[in-house]
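A quick write-up on the structure given underneath.
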Amino acid sequence: MDSIITVRNLTKRFGNLVAVDHISFDIEKGEIFGLLGPNGAGKTTTIHMLATILKPDEGTAIVAGHDIRKEPKEVRKKIGIVFQDITVDRALTGYENMWISGKLYGLRGKELDTRIRELLEFVNLLEWKDVQVRKYSGGMMRRLEIARGLLHEPEILFLDEPTLGLDPQTRANVWSYIMRLKKERDMTILLTTHYMDEAEKLSDRVAIIDHGKIIALDTPDGLKNMVGEDIVYIYVDPRSLRIGFFINKLKEIIGSDSISFSRNMISLSIKNAPDNIPKIFLLANQQGVRITRLEYTRASLDDVFLKLTGRRIRDEEGSFRDFMRARLLRFRRRR
Ligand SMILES: Nc1ncnc2c1ncn2[C@@H]1O[C@H](COP(=O)(O)OP(=O)(O)OP(=O)(O)O)[C@@H](O)[C@H]1O
Ligand SMILES: [Mg+2]
1 MDSIITVRNL TKRFGNLVAV DHISFDIEKG EIFGLLGPNG AGKTTTIHML
51 ATILKPDEGT AIVAGHDIRK EPKEVRKKIG IVFQDITVDR ALTGYENMWI
101 SGKLYGLRGK ELDTRIRELL EFVNLLEWKD VQVRKYSGGM MRRLEIARGL
151 LHEPEILFLD EPTLGLDPQT RANVWSYIMR LKKERDMTIL LTTHYMDEAE
201 KLSDRVAIID HGKIIALDTP DGLKNMVGED IVYIYVDPRS LRIGFFINKL
251 KEIIGSDSIS FSRNMISLSI KNAPDNIPKI FLLANQQGVR ITRLEYTRAS
301 LDDVFLKLTG RRIRDEEGSF RDFMRARLLR FRRRR
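Numbering (the numbering used here), first residue to last: 1 to 335.
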């Protein structure tokens, strides 16, 4: 396979902070590559260096055959970028926004007009072309920005958090355009996100970035296999006398070596939860422990992040259950 982006030891410092810390990876032509990480991980800084907006302090990258340090102008011709924050001009119409950008790229006249119409058609905004952008929804603005990023027919598109702050339905709608770009236009896409579902749904491969470092890189399935285990939450009646015995037996029978117990919930990680759940009930019955509720979750990209860092990508989503899950995975990681 041909690499269209080759990143080697790319590094950016802001004062004492190493925002991007010697990262290296390759992106293949036609691939959607996801950079997944929490706030402040270094995603935007990485994209800005690859788009030649920021100069690296160390390392470099070859983007569509050109070195970002030595040939930034050549690189810019080959890439389109959609910034994290909305940058279309709300006072102008969709068409006017496209026209101005086209001019900046040196396009003009009939050629520019044709291209604008074709791209607005692609993102389903042709009917809205003469409407001021302030009247667009968030999803429509995003689609307009994607169309604008394609005006000069780039080989690579950088999307920095393309669905940040959009509602779930609109996000799914934007995803469909991103998938069409790959399918119909063979576009190579580097996207950043802190949404696990987005990384998983769109990306052929995902690099997980944290504190400026890439801590894992694989296909979404490959990453999930790293965790490889499901988590089962067993809620028991706290009046059951033999909970301690039950837990010890669970360890023996299920072969799970990571079990934790708090309040009335036992959590354990095991391979293939569905096959093991009948055994858990049988054992509880034998020990006279009453199970009041049982739930399980299959491994997710968030679990991979948790296993590697001991934190969740979105800490604010932490509930008691999340807390237990974190404790469990942290425990496993240390062993
Ligand atoms: N111009 C700057 N000056 C100083 N520090 C900066 C600058 N730009 C970014 N940083 C810091 O560098 C780190 C990485 O920032 P970056 O914007 O790349 O993260 P991110 O992964 O895109 O996060 P977010 O989810 O907030 O978009 C953060 O700690 C940020 O505060
Ligand atoms: Mg960012």
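Just so you know, even glycine gets a beta-carbon here, dropped at the ideal spot from N, CA and C.
Return yes when the C-beta of Phe14 is under 6 Å from any heavy atom of ligand 1, and no when it is not.
-> Yes; taking the cut-off as 6 Å, the Cβ of Phe14 has a heavy atom of ligand 1 nearer than that.
Assuming Ile234 contacts Ile270 under a Cβ cut-off of 8 Å, what Cβ separation, rounded to an integer in Å, is found between them?
-> About 11 Å separates the beta carbon of Ile234 from that of Ile270, a gap too long to meet the 8 Å contact definition.
DSSP three-state assignment for His211, whether helix, strand or coil = His211: coil per DSSP, three-state reduction.
When the Cα atoms are used, what is the spatial distance from Asp160 to Ile208?
-> C-alpha separation (whole angstroms): 15 Å.
Determine the extent of the beta strand (DSSP E) in which Ser267 is found, giving its start and end residues.
-> Following the DSSP letters along the chain, one finds Ser267 inside the beta strand (DSSP E) bounded by residues Met265 to Ile270.
Kindly indicate the opening and closing residues of the beta strand (DSSP E) around Asp313.
-> In the sequence as displayed, the identity of residue 313 is Ile instead of Asp. Where Ile313 is concerned, there is no enclosing beta strand (DSSP E), given that its DSSP letter is neither H nor E.
Could you tell me if the beta carbon of Ser43 falls within a distance shorter than 6 Å of some heavy atom in ligand 1?
-> Note that residue 43 is Lys in the sequence shown here, rather than Ser. A heavy atom of ligand 1 is found nearer than 6 Å to the CB of Lys43.
Helix, strand or coil for Ala51 per DSSP?
-> Three-state DSSP puts Ala51 in coil, outside helix and strand.
Would Leu10 be called buried (16 or more neighbouring beta carbons within 10 Å of its own) or exposed?
-> So Leu10 ends up on the buried side.
Going straight from the alpha carbon of Gly34 to that of Gly288, what length do you get?
-> Rounded to whole angstroms, Gly34 and Gly288 show a C-alpha spacing of 49 Å.
Using the C-alpha atoms, what's the distance from Val123 back to Lys77?
-> Taking the straight line from one Cα to the other gives about 22 Å.
Local conformation of Glu295 per DSSP, three classes = In the structure shown, Glu295 adopts extended strand secondary structure according to DSSP, grouped into three states.
Would the C-beta of Gly40 count as close to ligand 1, meaning under 6 Å from any of its heavy atoms?
-> Short note on Gly40: C-beta closer than 6 Å to some heavy atom of ligand 1.
On the three-state DSSP scale, how would you describe Arg242?
-> It is coil, neither helix nor strand.
Phe14 by DSSP, collapsed to three states: which one?
-> Look at Phe14 here: in three-state DSSP terms it is strand.
Quick check: the region 79 to 92 against the region 140 to 147, are there 3 or more CB pairs under 8 Å?
-> Because the criterion of three Cβ pairs below 8 Å is met, the region 79 to 92 and the region 140 to 147 touch.
Tell me whether Asn97 is buried or exposed, calling it buried when 16 or more other Cβ atoms sit within 10 Å of its Cβ.
-> Asn97 comes out buried.
With DSSP as the reference, please indicate the residues paired to Ile5 in a beta bridge.
-> DSSP, once it has assigned bridges, lists Ile27 and Val63 as partnering Ile5.
N-terminal and C-terminal residue of the beta strand (DSSP E) that Leu157 is part of | Element bounds for Leu157: Ile156 to Asp160.
Identity of the residue in Lys70, Leu119 and Thr297 nearest Thr94 by Cα | Note that residue 94 is Gly in the sequence shown here, rather than Thr. Out of Lys70, Leu119 and Thr297, Leu119 has the C-alpha closest to the C-alpha of Gly94.
Among the residues of its own chain, which have a CB less than 6 Å from the CB of Arg69, if the five just before and after it don't count?
-> For Arg69, where only same-chain residues beyond five positions count, the Cβ hits under 6 Å are Thr60.
Between Ala41 and His194, what straight-line distance do the alpha-carbon atoms span, to the nearest angstrom?
-> One C-alpha to the other measures close to 10 Å.
Among residues of its own chain, excluding the 5 on either side of Glu74, which ones have a beta-carbon nearer than 7 Å to its beta-carbon?
-> In the same chain as Glu74, and ignoring 5 residues on each side of it, the C-beta atoms closer than 7 Å to its own belong to His66, in chain order.
Whole-number beta carbon distance between Lys43 and Ile4, since they are thought to touch under 8 Å = A Cβ-Cβ distance of about 19 Å is found for the pair Ile4 and Lys43, leaving them out of contact under the 8 Å criterion.
Taking C-alpha atoms, which residue in Pro168, Val82, Leu17 and Pro38 lies nearest to Leu50?
-> Answer by Cα proximity: Val82.
Enclosing alpha helix (DSSP H) for Leu181 [first to last residue] | In this chain, the alpha helix (DSSP H) harbouring Leu181 covers Pro168 to Arg185.
From Arg334 to Ser260, what does the alpha carbon distance come to, in whole angstroms?
-> Note that Arg334 scores a pLDDT of 48, beneath 50, so its modelled location is shaky and nothing firm can be said.
Reference Lys183; option with closest CA among Glu111, Ile23 and Ile32 | Out of Glu111, Ile23 and Ile32, the CA that lies nearest to the CA of Lys183 is found in Ile32.
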